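So for the first sequence, this note's numbering puts the first residue at 55; every next one is plus one. From the three backbone atoms N, C-alpha and C, an ideal C-beta is built for every residue, glycine too. What you are looking at is a predicted structure, and each value in this text was computed from that prediction instead of being measured.
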Amino acid sequence: MDYEELAQLLSDASSLDASPQEPPPPPPPDSPLRLYDSSRGAIARERSQRPFSQQQRLLSTLDDDSLVGLVNTFDRPTQRARLRRPAAPADDAADAEDDPCIVTSSPEPPSSVVPSTPPASSRLSESDSSSDRSRSSSPTAARVGPLKFGDYAQYFSDKTAHQHSRDEYMRKLYQDALNGGREYPPIFKDCTIYINGRTFPDRLQLHQKIIIHGGSFKHFLSGKKSVTHIVASNLTAKKRIEFQNYKVVAPAWITESIAASKRLPWQDYALITGEYGQQKLQIARPPAAALPAPEQQPADGFDANSLDCKQPGFLQSFFAKSRLHQLSAWKADLRALFCEKYVEGAHLQPPPKGARLAIFHVDFDCFFATVSALSDARYDLSRDPLAVAHGNNSSEIASCNYVARSFGVKNGMWVRSARRLCPNLICLPYNFEQYEVNSKLLYQILAGSGFFQMILPISIDEAICVKYLDGLPDGDASAHQQCEAITRQIRRDVFDATNGCTVSIGCSNSLVLARLALKKAKPNGQCVMASLEQDSIDAFIEELPLRDLPGVGATIVDKVQQHILFEQTAEPTIGDLKRNSSLQLLASKLGTKTGHKLHLFLSGKDDEENSRVLRDPLDYFARKSISVDINYAIRFDTIHEIDEFIDRICEHLTTKLGELDMVTPQVTLKVTRRCEHAPIEPAKYLGSGECDTFSRSSRFGVPTCEAGLISTEVKSSFRMLGCPPKDLRGIAVQLNKLEKVSDRVCQLRLPFREQDASSAGSRFPALNVNAFNSLPGALKEDVRTELLKRKINLPPSPPSKRSASNSPVKDYWGRHGKRTETLKQEMPSTLDEDFMNHLPTQIQREIKWDHAIVKKASSSVRNRLSRKGTGVLNLSKNRPSKPEAVKFQSLERPLGISRLIKSWIDDTIDNGPHIDDLNLFDKYLTKLAAKGKTHHILKIARTMSSHLEYHSSFTKSNPQGRQEWEEYLLIRMIPTLTASAAKSDSGVQVTFDL
DNA sequence: CTAGCGGGCGAG
DNA sequence: CATCGCTCGCCCGCTAG
Ligand SMILES: Nc1ccn([C@H]2C[C@H](O)[C@@H](COP(=O)(O)OP(=O)(O)OP(=O)(O)O)O2)c(=O)n1
């Protein structure tokens, strides 16, 4: 570019594009906004505030980059000084002497005023193949002397060269990150495009689209020949005249050409209808209308967009819009990808033991909010308070920008509450696709940089990069400088590649410290903590909130406040806890492991568990379970609908399981049920409101991946948990302890042979034929069917005609009624352990119940009851009461109560329980029943039954007390249980019709 | 004493 | 119209055996 062109450019300058706006009041000095705001907003504000001058007119013809670049030429001498020592800017170097932590935030170099493409960037990639890029950057800057403002020619020439190499880098990056390394179709080959004014998609995004599709891009109108197309959304009258001899098109020309994979005729998108005589299209929309078109829903059979959980498409449509689901799914994908690559690249070794590491914790700033904001031209990330959410009231905020945070808005808040803090909060829609694109770019940049030996995925917007520092002595200053420089380059590349998303990076020697450094660096900053002295580490973390430590959430902070710090301060710091605790104290108040972990974290050290990711990443990232949780929009009326829903969930899970080539030996059902006192419809539309949860797991004799098997087990568990269908608010199915099919030895499916029983190599104990044969007839048939399903060979069986029930117990009682005499004979006195272990938990439990109940039923109780005719308990009032029994009122679950009950029975086995205690206990049971905790009552009943059983096993005679206990169990306990089960209206399968 | 269960917690 | 409150892994206390 020559002076003449520039002169023309300057004289051609016309009006401003940006409309003047009132700047917001300056944020408080300590607000994070202060740093952040100055990154992008400052320039724009300056520009719009002052009255127009001739100079401004000139400047208005420049795009943002060029403008800022020009402004930055003032800064050239300083920049040069920095470039000579790229990793340690002068002021920082001084700090480094006593402050181990150097925080560089946005207004500071190296990002310069605007992180985007400053004229002199300092690239230092060792692995950079396009050496052109590095040559054109820092050496150029060093060569050029201090520029006077207005020394345009040199500036633009540097910039053009730099831009060109930058374009090459981006083209490659996009190919690798988003197109599997293949080239994009060169749709815009031989096009040189200039973008005028505000557009949607914005200038940066269009730039990207153009260059990756083979076009070139001009940041300024330089001479009439070189630019082939001008892209604009709308034109002022003046521009219209000025551009009349150009091909001026709407942005849709770019996007639709790309969509069509070919360059569409520009005339169809022409903004100026002049000599070409084309009909003018109404493409140019005012920015306010420039929203992405809402996606169309296919209308095939059912409403795919429906929030009706009874619809077959519900699961998919819910997942498609659930941020938390996407987050989890992305994470799983990243982990799987990591494992895949890690196995492929066998050369990748975990760091040698004791190697010094630099850990870089990289995280996009307010990821969703930033991405969503950048795809909407109306909003300014650095000035408007923004959040991403679906709705306007009880909708959760997935992410809010730092402007909103300065008002106290937080991720996860409801929009309504956030608006109380920040009335002008603007809600943006989700843009999951773009989140994914930007994430890929980030990971590609990290991987392609060649700086790191390992890149550990944390989430869609976050990664931990590990660099081995071999050969460098401890505390070596150059290591620190190197880390600073790496950090800087990554941040710049990501910003450029994503058209404006900032990442922050924390860097240190441990995972914990890197995380804390990251926290300190945010937003849009970096923090390298290279010092190894404990004193300086302590000084660094001293003042940080305890809450910032990984694994320390609200509950742990509460516990600490309550038991250790006694609420001395509202927001305890790491230093507070460190000063006031010991390893022992922490372990006793928080549990052994947690206490130990926290103790190490307080000194900035990793513990065994969190550093596992470094030592054995493959194991760390390996999938151990898979689950589906739905706690939204669950509104069912009948158990049948729930069964169908469970079927769909299991179908979904087994599909995944199949893709993973895995099988599961265990399934857990978690039921989320509306609290008794909670309103039927909660504040949040289709939300779950306040709920209790119940869970139950069952095992398969042989690991499986069959939806039918799993589904049956889950449906059965659901009935056991006894939740009335209308009160169901959430349901989760987890498949645990997954095993890779290829890892499993075929022996598990080998036909049963007698000699296998003694074979030491068999992981699977053989079926005990005697035990099997001693089962009562009906049970035996159920068990046989079960074993057959698993292709486990059986001893020969008599022909059976069993009914199609899936509850062996029910069948059993249904068929045998009260014929206790025969039952007693058929039931073995003890259950064979090996045999039991072969059975699914469901059946195991029912057998055990049977066992207990049958024995009970055949004991003296039944006889006495029938003899007496009524079940009136003969309880005296003057027996010693057991004071602990009072605790029934406060005990929430029967786990802790089991012990109590046992000791209660122990103490009263001779004389019987006190009537007051029993009444109290009754109340407790009634309460449990009211809360729908049928299974807890069941458990208590079971505990009582088996404990009485235990007593009777070594007492030949029937003491008075035990008889009373047994009567209580049969006369009051079991009716309570059946009543509770009936009330829950869910077909609990436990039948007590003795 | 250990294994396994149900439940809690934290993370993004 | 609202609204899309998931999913994983570890740890804890308790109990059965
Ligand atoms: N309760 C939450 C937490 C996070 N996210 C999503 C939105 C976030 O953008 C993304 C990343 O989470 P971060 O914890 O990293 O939070 P941000 O990126 O929003 O902010 P920060 O700058 O603090 O990292 O995950 C979410 O949907 N709901």
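Using a Cβ-Cβ cut-off of 8 Å (strictly less than) and excluding sequence neighbours within five positions of residue i, which residues of its own chain qualify?
i     : result
I265  : D221, M224, R225 and F271
D1086 : Any property of residue 1086 remains undetermined from this structure, which presents the chain solely from 55 to 1048.
Q615  : E621 and P626
R798  : V717 and P757
Q1014 : D964, N965 and G966
D661  : H650, K651, L654 and F655
Among the candidates the options, whose CA atom is the shortest distance from the CA of residue i?
i    : options                    : result
D430 : L258, I1025, A383 and F675 : L258
P477 : N485, F461 and N492        : F461
S448 : N634, S765 and L740        : L740
T609 : P239, T708 and L644        : L644
A531 : A452, A584 and L652        : A584
A383 : P511, V721, L654 and S211  : P511
A409 : Q507, R294, L711 and V721  : Q507
S376 : A452, P319, N465 and E310  : A452
Y248 : L639, D212, V302 and R753  : V302
S712 : L789, I785 and A427        : Going by the sequence as given, residue 712 is Gly instead of Ser. If we check each option's Cα against that of G712, L789 comes out closest.
D362 : C537, T309 and Y686        : Y686
L495 : R545, Q535 and I969        : R545
P229 : V491, L640 and I308        : Looking at the sequence shown, residue 229 is not Pro but Gln. Nearest option by C-alpha distance: V491.
P319 : C245, L763, L475 and L479  : C245
A539 : C581, Q498 and T556        : C581
G554 : K574, Q488 and S315        : Q488
CB-CB under 7 Å to residue i, same chain, minus the five flanking residues each way: which ones, in chain order?
i    : result
F242 : I264, H267, G268, G269 and R317
P305 : T253, F254, P255, L260, V285 and S287
A676 : C393
R783 : N685, I688, T726, R727, R728, S742, G743 and C745
Around the Cβ of residue i, are there at least 16 other Cβ atoms within 10 angstroms (buried) or fewer (exposed)?
i     : result
R817  : Residue confidence for R817 is low, a pLDDT of 33 falling below 50, so the modelled location carries little weight; the figure read from the coordinates is stated next. Exposed.
D612  : exposed
H694  : exposed
K407  : exposed
T552  : buried
P671  : buried
G966  : buried
P733  : exposed
N455  : buried
R437  : buried
P346  : At P346 the pLDDT is 45, less than 50, meaning the model places this residue with poor confidence; the figure from the coordinates comes in the next sentence. Exposed, since its Cβ has fewer than 16 Cβ neighbours within 10 Å.
E735  : exposed
K794  : exposed
N485  : buried
Q536  : buried
R1016 : buried
Do residue j and residue i count as a contact pair if the criterion is CB distance below 8 Å?
i     : j     : result
K647  : V566  : no
A571  : S564  : no
V416  : I559  : yes
P779  : T692  : yes
V721  : S770  : no
A1006 : L1023 : The residue you asked about is not Ala; residue 1006 is Ser in the sequence shown. No, Cβ-Cβ distance for S1006 and L1023 is not below 8 Å.
L723  : V768  : yes
E6    : L1002 : Outside the displayed range of the chain (55 to 1048) lies residue 6, so it cannot be described from this structure.
Within the same chain, show all residues whose beta-carbon is closer than 6 Å to that of residue i, passing over the 5 residues directly before and after it, in chain order.
i     : result
M1027 : A995
R1103 : Since the first residue shown for the chain is 55 and the last is 1048, residue 1103 is missing from the structure and cannot be characterised.
I703  : V682 and V787
N250  : I284 and A286
Y238  : I266 and H267
Is there contact between the region 712–730 and the region 740–749, where contact requires at least three CB pairs shorter than 8 Å?
-> Contact between the region 712–730 and the region 740–749 is present, because at least three Cβ pairs lie under 8 Å.
Do three or more CB pairs link the region 417–425 to the region 499–515 at distances below 8 Å?
-> Touching, per the Cβ criterion.
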